[in-house]
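Residue numbers (this note's numbering): 6 to 564. All C-beta atoms in this analysis are idealised placements derived from N, C-alpha and C, irrespective of residue type, glycine included. Right, one structure below, let's go through it.
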Amino acid sequence: MAQCIPLIAGNINNELRSVGDRLHGAWHDYYRLYSSFLRPNSQGKSSYLYGSPPEFVHQLEEELAFITKYETKIQQVRLAMSRAHGELLGRAPINTLPTEILARIFRFVLLVQPCSLEDLPWELNTYHLRYPDFLAQVCTLWRRIAVSSRSLWCHVDLSPYVSYSDKLITRAETYLTRAGKLPVELHVTLNDDWDCRNEHREYSHLYSMISRVSDRVEMLKFALSGPGDFQECHKEIFSRILLGEESALKKLVISSESDFANSFIYAEGFDPGMPYGDDRPFELNLTQEQIESAFASVTAFDLQGVFPLWSSTAYHGLVDLRLTSTGDWSQINETELVAVLKASPGLRILHFGLWINILSPEVPRIAPVDLQDLQVVNITETSNHQGSTCPSSLLRLLSPGIKPLRLSIGDIYEHEAGLVTELERFFARSRIARFFTQGTFPPVDVFLPHAAYLECIAINQLEGHDEGEFPPTHLSIGGSFPHLRSIIITHSILFESELRSLVNCCPSGVVLSECRIIRGELGAGCFSSQELSEVFPTVVVDHSPYRSKSSNADWDILD
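Rendered as structure tokens:
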């Protein structure tokens, strides 16, 4: 039977070609005849129609009816052709896909939808729908698939803000029902407004909802906004989540639009013994033992300005740790940071942006912490004990293993001898596969001795330097990078000589996005796109919209 299929298809193809040839010829003659009616005589009328008998008028009416009828048939033929063509190319209408494939597509769509709960005050009339709701409204098929796909409904938003609290609770009830018994991702926005400050405001419905869902919360995101301190409703919400009988909490995210700094989570009446102060404590009506127990299951922290105590066992056994500051610096003693790192030897991802206090510069250099599974290090603006911004104070504390490492140094930082030294040491004890830098670029000779592992360099907001600012070896190439596949440069201004040096590093992998390249000397003007392609034919100028994002945005995604 399988051998007959090509034969049948071949016969159909021959017949289609024969019928098509006859149709093309007949249509050509038909069009040529009727288009002649358009040629006017000296009076401006069609010469063929002048003096025509009544029978010709009748024939025209029949032909008009014929053409009108065939317009529909032509649409049907076009649709049949498009479907056949799509099937032959492996394409098909989305609704012909199997249910499980559509459900997976829905999940991918949901993953890329950013949660905009913090924007609610400006979108009260539009926010109540999210992607699962939209998917469930497209058609009966999509609604059936969406409603039955429990994983689509696991993101629950809540807020004490009175204008939309009840609507969010109602929606949460629907989502929790559709999610079945799956763990949920709970996102709570805590606005610093008069609602939260009103001690007589009734939050019983919200508190009841949080208590009922607390045992199922696998990821909790607290979004803090406003300039004030923590209010009682903030503390009550957080306490109820932590009091779940069997905590499923794996990840805690605390983000802040306020200038929280050195704000620590601990029990009321507990003395944390902070030598550098605790600006706005997040004191909970729980015992310290209850807080520690609630954090015991957490393997990932993403914290901005608000943290468990540095001495807490919450930092034990983490695989993902992100500690960053708000507009005001949070700080940690060097010895405390070392203890935190040692408590999680299996750490895979580290984001860091705190002020490191080196209490006694005379103390011998601390040995780097052994982190064999470390694969991502992302340093935002950090400070050493003298107050200057420099990532070296963290790098010297880390000793990664043999896994390929992605190192990002974000924000604008100072180029100093200490950084170059620590970078060189860090490269020597690591296998850095990807390196992201912003604002400045270390000398290339730092990388060369360790180039065997380097695959990608990403540079952002780099501005060209005159020859006197850095030594001639800053971008000079004295060797090769055998595995370097790409150098991605975004939002930068470079001199021609600097770009040429980078092209020498990676002849066929340099990508520019939103960059200007200055000819020769300062003041000689910039290359146009055409000129750039002629002088640097292997350089790719990328205008893709996704390049507007940071070129290391996906480096946290591990296999």
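As DSSP reads the structure, D162 sits in a beta bridge with H192. When only Cα atoms are considered, A348 and Y320 end up about 6 angstroms apart. The beta carbons of L187 and S156 sit closer together than 8 angstroms. Distance from the CA atom of N557 to the CA atom of V382, rounded to whole angstroms, is 11 angstroms.
DSSP links V222 through a beta bridge to V189. With respect to I464, I498 sits apart: the two C-beta atoms are not nearer than 8 angstroms. Following the DSSP letters along the chain, one finds P487 in no alpha helix (DSSP H), marked with neither H nor E. In the same chain as L323, and ignoring 5 residues on each side of it, the C-beta atoms closer than 7 angstroms to its own belong to T304, A305, F306, S349 and L352, in chain order. Our two residues, R245 and C120, have alpha carbons roughly 23 angstroms apart in a direct line. Sixteen is the threshold: when 16 or more other Cβ atoms of the shown chains lie within 10 Å of the Cβ of W158, as they do, the residue is buried. DSSP places E178 in the uninterrupted alpha helix (DSSP H) bounded by S170 to R183.
In the DSSP assignment, the residues bridged to D375 are S404. For the pair I414 and Q377, the CB atoms are not nearer than the 8 angstroms cut-off. If you compare the alpha carbons of V82, R88, L38 and H90 with that of E68, the shortest gap goes to L38. Counting every other CB atom within 10 Å of its CB across the protein chains shown gives W32 a total below 16, marking it as exposed. Counted as a single uninterrupted DSSP element, the stretch harbouring T329 is not any alpha helix (DSSP H) but the beta strand (DSSP E) occupying residues D325 to T329. In the DSSP assignment, the residues bridged to F441 are S413 and A463. The residue from F139, L346 and L359 with its alpha-carbon nearest to that of P405 is L346. Looking at the DSSP output, H356 bridges to R327 and N383. Around the beta carbon of V24, a 10 Å sphere encloses fewer than 16 other beta carbons of the protein chains shown; the residue is thus reported as exposed. K255 carries a coil assignment under DSSP once its states are collapsed to helix, strand and coil. Proximity to K256 across H192, S316, H210 and D264 peaks at H192, based on C-alpha coordinates. When rounded, the separation of the alpha-carbon atoms in I562 and V218 is 28 angstroms. Of the residues R149, F441, P447 and S168, the one whose Cα lies closest to the Cα of G423 is P447. Per the DSSP secondary-structure output, S518 pairs in a beta bridge with T495.
With fewer than 16 other Cβ atoms from the protein chains shown falling within 10 Å of its own Cβ, M86 counts as exposed. Between the C-alpha atoms of K408 and Q380 there is a straight-line separation of about 6 angstroms.
In this structure, the straight-line span from the alpha carbon of S154 to that of G274 is close to 46 angstroms. Per DSSP, reduced to three states, the secondary structure at Q336 is strand. Assigned with DSSP and collapsed to three states, S268 falls in strand.
Separation of T331 and P286 (C-alpha to C-alpha, rounded to the nearest whole angstrom) is 15 angstroms.
N362 has N338 as its beta-bridge partners, per DSSP.
Annotation: P512 to E539 spans about 15 angstroms, alpha carbon to alpha carbon. The DSSP-derived three-state label of D307 is strand.
Residue burial annotation: D276 is exposed, with fewer than 16 other C-beta atoms found within 10 angstroms of its C-beta.
At the C-beta level, V152 and E190 stay beyond 8 angstroms of one another.
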